[in-house]
Structure formats: structure tokens, C-alpha cells
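Peer 1: Its first residue numbered 307, the sequence shown is counted upward by one per residue in our numbering.
Note that CB positions come from ideal geometry on N, CA and C, so glycine has one too.
Remember, it's a predicted structure, so these values are computed and weren't measured experimentally.
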Amino acid sequence: MAETLLTISFENLAPTNGTSLTPFWFGLHDGNFDTYDRGRPASPGVEQIAEDGTTEAITQEFNQAGFGTVQNVVAGANGPIAPKETARFTVTVDGNDSRNAYFNYAAMLLPSNDFFVANGNERAHQIFDEQGNFIGADFIILGSNVLDAGTEVNDEIPANTAFFGQQTPNTGVTENGVVTQAGGFIPGGAILSDPRFANGDFTADGYQVARIRLFNTINGSDDNDELLGTKQDDLIIGNAGNDRVYGLRGDDELDGGEGDDILRGGRGDDLLSGGTGFNRLVGGEGSDVFALAVGEGSSTILDFRTDDRFRLIGLQFADLAIEQSRSNTIIRAGEDELAVLRNITASSITDRLFA
307 MAETLLTISF
317 ENLAPTNGTS
327 LTPFWFGLHD
337 GNFDTYDRGR
347 PASPGVEQIA
357 EDGTTEAITQ
367 EFNQAGFGTV
377 QNVVAGANGP
387 IAPKETARFT
397 VTVDGNDSRN
407 AYFNYAAMLL
417 PSNDFFVANG
427 NERAHQIFDE
437 QGNFIGADFI
447 ILGSNVLDAG
457 TEVNDEIPAN
467 TAFFGQQTPN
477 TGVTENGVVT
487 QAGGFIPGGA
497 ILSDPRFANG
507 DFTADGYQVA
517 RIRLFNTING
527 SDDNDELLGT
537 KQDDLIIGNA
547 GNDRVYGLRG
557 DDELDGGEGD
567 DILRGGRGDD
577 LLSGGTGFNR
587 LVGGEGSDVF
597 ALAVGEGSST
607 ILDFRTDDRF
617 RLIGLQFADL
627 AIEQSRSNTI
637 IRAGEDELAV
647 LRNITASSIT
657 DRLFA
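Structure follows, in C-alpha cells:
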């Protein structure tokens, strides 16, 4: 049995005051579970997701189809996945079981009458090869990928529109249409005129709705661990102890956890979070992101470059003090030292490097 600890990540890429997403349904299958087809009526499962964001019907459809057994629903902290929020779910799966080879997903776009995102090609996202080796997946859903289920008229009336005033499910005007590309919200209509959704025009050029990633997950112990990634995208968590974590290849996420850790991203575009303690971080090749948060300890970043970035957690750029200390730059938030950047000039650290 080739067991893989699989982490599925759903990140809302919409800007502030942009679109949200209902909790994502996902299922692993043998390549034969077809969620929808353009130009044909939506199934009851897709209709329920697209109109109300609920998943009971698609869960039943997946079970009855018999093409896979692993499925779940992944929610944000408050249910919907808000702009800039990431929701995750971890499960152990057998890569040698062909019923886990392919990945399907579906979620409703909020606010809307019946807009949704899903993959119509049931073999678009193979995550294990024929030998049971983990391949993973990493892709972005663009605004041009948003779909209209054709089940409910897009009137944007609050009482009929989820996340916009609807109090009970299935209250909109029935359309009896087919699945098509979504045409967007009504220009100057109720949704885009609402300040809460001022940046919700997903038809704008380059609009990004979500990023979905499937990681191989490696967990350390409470001892001092040496953890090595693979050539695929890995999520490596050191947990307690003074750990050494190496991402190697792939676009990895490294989290030192507790203790004084050494994190090396290796090749690829990596996300490094030192955790608590005094940590040393090396992004390596690629455009890397270093996470900074109050109360998480201090990280010495040994190879920060102009194509690298910072991710602020619970902070804004205005909260930071950026100081020169000899040849190094120190980033503070109040009394907390967040990071030391070796051989970097403080004047080069501007707000464009932070997200």
C-alpha cells in the first residue's frame, strides 16, 4: 500500500471586496465521475451547489456512481472562503487504489444566483500515476472559468441571491437552462454597486478566483527531525524540536513549528514559515515567500532577493518598522523582531514586497 498524507488547499485569490466561495466539495475517483457538461442541464448536485452552496445532492451522486470513496467538504473559518483566505483538509489515501487517481471539485461563487466553479473534464487533474506515485496538482481558477448553472435567473434580487440577502434556499426564479460560461454580474446592478463587492467583477482581465493545490504532507515529530521533501509539491511541518527541513524540488510550503529550525526551500517557488523560536531560512532557487507574524519568533533570512516576497499574517505594512543594522535589515512589529535579512539594505524593502 502506497499511502500518502494528502493535503488539499483552497485559496481565494480574489481582491478585498471581491468574490467569496462557498465551502468546496471535492472527490477522488478513477477518472469517470463527470461533474457537469457545458451545454447540458446541470445535475441536481450541481444545481444545489450553484444556487445555495449546499453539497448533500452531489455527495449522494458521488456515492451512487461508485467511482471513488474519498470525498469531503472544506470550509473557511466562518463557512464561506473569503478573499485572501485559505481552507485546507488533510486525508490519508492509497495511491495504488485507482479510485484515488483523479480529483474533482465544485463550489458556488458568492454572491450570485447560480454561478459556480468546477472541473467539467473528469480527467483534468490526475494526482497519482498508474504506478501509484503522487503527482499532485496546482492550478488557478480564473474569472473566465466561472460557470452559470442555467438553473436560476440571474436577477440579483437580494431575496433570491445567496450571500446577498437570501434567507432560505431555492427561492430564485427557475430558468430551465443549461451550463454555460458565466457572463458576469449586471453592470451597475445591485451586486457591483454594493461596496462590499466593489471588486467582484470576475470578468475583468486577469481576475483570479482561486488557487487549488494538492500537497504531499510530511509531519515531523516532537524530536529534532531532518525532513526531506520530494520532487513534487510538499507541505512539510516540523512541529516541536529543533528541525532541519528541506523542500528540495517542487513549490513547497515549509513550517518549522516550535523550536529553533533551519528551513531550506530548494528549487521551486516556496513558502517558508519559521514558526516559534529563532529560525534560519533559505529560500533557494525560485521566487519564494517568507511568512511573518507577531508572536511567531524571529527568522534570519539568509538569501532574500528582489523576486522574493513577504506574506503578512495578522499584520499590515503600516504596522512594521524596517531598520538598518550594519549590513543587515531588521523588520519589527512593535517590540517583536520578526525577521533579520542578511546583507540587505533597509531602503530596498518597500510595500510592494508585502502581501
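#1: Can you look up isoleucine 294 in the DSSP assignment and give me helix, strand or coil?
#2: Would you list the residues sitting across from leucine 541 in a DSSP beta bridge?
#3: Within its chain, find whatever has a CB closer than 7 angstroms to the CB of phenylalanine 445; leave out the 5 residues flanking it on each side and keep chain order.
#4: If we require 4 or more residues per run, which alpha helix (DSSP H) segments fall completely within the stretch 322–380?
#5: Take every Cβ of the stretch 353–361, pair it with every Cβ of the stretch 420–430, and state whether three or more of those distances are shorter than 8 angstroms.
#6: Among the candidates Ala661, Tyr513, Phe469, Glu353, whose CA atom is the shortest distance from the CA of aspartate 343?
#7: Could you tell me which residues DSSP puts in a beta bridge with asparagine 585?
#8: Determine whether the beta carbon atoms of leucine 577 and isoleucine 637 lie at a separation below 8 angstroms.
#9: On the DSSP bridge assignment, give the partners of tyrosine 513 in chain order.
#10: Looking at C-alpha atoms only, which residue of Ala308, Thr325, Val588, Asn634 is the closest neighbour of arginine 615?
#11: Short of 6 angstroms in beta carbon distance, which residues of its chain neighbour arginine 648, apart from the five on each side in sequence? Order them along the chain.
#12: Assuming leucine 416 is part of the beta strand (DSSP E), what are its boundary residues?
#13: Three or more beta-carbon pairs under 8 angstroms between the stretch 551–558 and the stretch 454–474, yes or no?
#14: State the Cα-Cα distance for the pair leucine 327 and glycine 471, rounded to the nearest angstrom.
#15: Could you round the C-beta distance between aspartate 561 and valine 600 to whole angstroms and report it? I think they count as a contact, below 8 angstroms.
#16: With a threshold of 7 angstroms on Cβ separation, who are the neighbours of methionine 307 within its own chain once the five nearest residues in sequence on each side are excluded?
#17: I'd like to know if the stretch 405–420 and the stretch 433–448 are in contact, where contact means that at least 3 CB-CB pairs between them fall below 8 angstroms.
#18: Give the C-beta separation of arginine 550 and glutamate 532 to the nearest angstrom, bearing in mind that I take them to be a contact with Cβ-Cβ under 8 angstroms.
#19: List the whole-angstrom C-beta distance separating phenylalanine 330 from alanine 430, where the pair is believed to meet the contact cut-off of C-beta under 8 angstroms.
#20: At which residues does the beta strand (DSSP E) containing threonine 313 begin and terminate?
#21: Run through the DSSP bridge pairs and tell me what leucine 578 is partnered with.
#22: Given a cut-off of 8 angstroms on the beta-carbon distance, is the pair threonine 322 and asparagine 545 in contact?
#23: Write down the C-beta distance between valine 515 and leucine 618 rounded to the nearest angstrom, noting that I regard them as a contact closer than 8 angstroms.
#24: In whole angstroms, what is the alpha-carbon distance linking isoleucine 568 and isoleucine 364?
#25: For aspartate 625, count neighbouring C-beta atoms within 10 Å of its own C-beta (all shown protein chains included) and say buried if the count is 16 or more, exposed if not.
#26: Using CA coordinates, which residue listed in Ser315, Phe316, Ala320, Gln366 is at the minimum distance from threonine 509?
#27: Looking only at its own chain, which residues have a Cβ that is under 8 angstroms from the Cβ of phenylalanine 610, when we skip the five neighbours before and after it?
#28: What residue range does the beta strand (DSSP E) around aspartate 400 cover?
#29: Just to confirm my understanding: we take alanine 311, look at its own chain, exclude 5 residues before and 5 after, and list those with CB closer than 6 angstroms. What are they?
#30: So what does DSSP say about aspartate 507, is it helix, strand or coil?
#31: Could you give the residue range of the beta strand (DSSP E) that holds glutamate 719?
#32: Helix, strand or coil: how does DSSP classify asparagine 466 here?
#33: Within 10 angstroms of the Cβ of serine 450, are there 16 or more other Cβ atoms? Answer buried if so, exposed if not.
#34: Could you check the C-alpha separation between leucine 416 and asparagine 548 for me, to the nearest Å?
#35: Please state the DSSP three-state secondary structure of glycine 449.
#36: Mark glycine 372 as exposed unless 16 or more other C-beta atoms lie within 10 angstroms of its C-beta, in which case mark it buried.
Peer 2: The structure says:
#1: A query on residue 294 cannot be resolved here, the shown segment of the chain reaching from 307 to 661 and no further.
#2: According to the DSSP secondary-structure assignment, leucine 541 is paired through a beta bridge with Thr523, Glu559.
#3: So the qualifying residues of the chain are Ile518.
#4: DSSP runs (the alpha helix (DSSP H)) wholly in the stretch 322–380: 350–358, 362–371.
#5: With the cut-off at 8 angstroms, the stretch 353–361 and the stretch 420–430 touch.
#6: Checking every option, the nearest Cα to that of aspartate 343 belongs to Glu353.
#7: DSSP output for asparagine 585 lists Ser605 as bridge partner(s).
#8: No. Outside cutoff.
#9: None; tyrosine 513 has no bridge partner.
#10: Minimum Cα distance to arginine 615 is reached at Val588.
#11: Within its own chain, the residues whose Cβ lies closer than 6 angstroms to the Cβ of arginine 648, once the five positions on either side in sequence are excluded, are Leu608, Asn634, listed in chain order.
#12: First-last of the beta strand (DSSP E) with leucine 416: 408–416.
#13: Counting Cβ pairs under 8 angstroms, fewer than three are found: no touch.
#14: A direct Cα-to-Cα measurement between leucine 327 and glycine 471 gives close to 16 angstroms.
#15: Cβ-Cβ separation between aspartate 561 and valine 600: approximately 16 angstroms, too far for a contact (criterion under 8 angstroms).
#16: In this predicted model, methionine 307 has a pLDDT of only 45, less than 50, meaning its place in the structure is not dependable; the value taken from the coordinates is given anyway. Excluding residues within five positions, the ones whose Cβ falls inside 7 angstroms are Asp400, Asn402.
#17: Touching, yes, given that three or more Cβ pairs across the two stretches are closer than 8 angstroms.
#18: Confirmed, about 5 angstroms.
#19: With 8 angstroms as the limit, phenylalanine 330 and alanine 430 do not qualify as a contact, their Cβ atoms being about 16 angstroms apart.
#20: That run of the beta strand (DSSP E) goes 309–318.
#21: Leu560, Phe596.
#22: The Cβ atoms of threonine 322 and asparagine 545 lie no closer than 8 angstroms to each other.
#23: Going by Cβ atoms, the distance from valine 515 to leucine 618 rounds to 22 angstroms, so no, they are not a contact pair.
#24: Answer to the nearest angstrom: the Cα atoms are 44 angstroms apart.
#25: Counting of Cβ neighbours within 10 angstroms places aspartate 625 among the exposed residues, the total staying below 16.
#26: Per the Cα distances, Ala320.
#27: So the list reads Gly589, Phe596, Leu647, Arg648, Ile650, once near-sequence residues are dropped.
#28: First-last of the beta strand (DSSP E) with aspartate 400: 392–400.
#29: Checking the sequence shown, residue 311 turns out to be leucine, not alanine. Non-local beta-carbon contacts of leucine 311 in its own chain, meaning distances under 6 angstroms to residues more than five positions away in sequence, involve Thr398, Thr523 in chain order.
#30: Looking at aspartate 507 - three-state DSSP - the assignment turns out to be coil, as it is neither helix nor strand.
#31: Residue 719 cannot be examined here, being either before or after the span of the chain that is shown, 307 to 661.
#32: Residue state, collapsed to three classes: helix.
#33: Looking at its Cβ environment, which holds fewer than 16 other Cβ atoms inside 10 Å, serine 450 is exposed.
#34: In this model, leucine 416 and asparagine 548 are separated by some 43 angstroms (Cα to Cα).
#35: Correct three-state label for glycine 449: helix.
#36: Sixteen is the threshold: since fewer than 16 other Cβ atoms of the shown chains lie within 10 Å of the Cβ of glycine 372, the residue is exposed.
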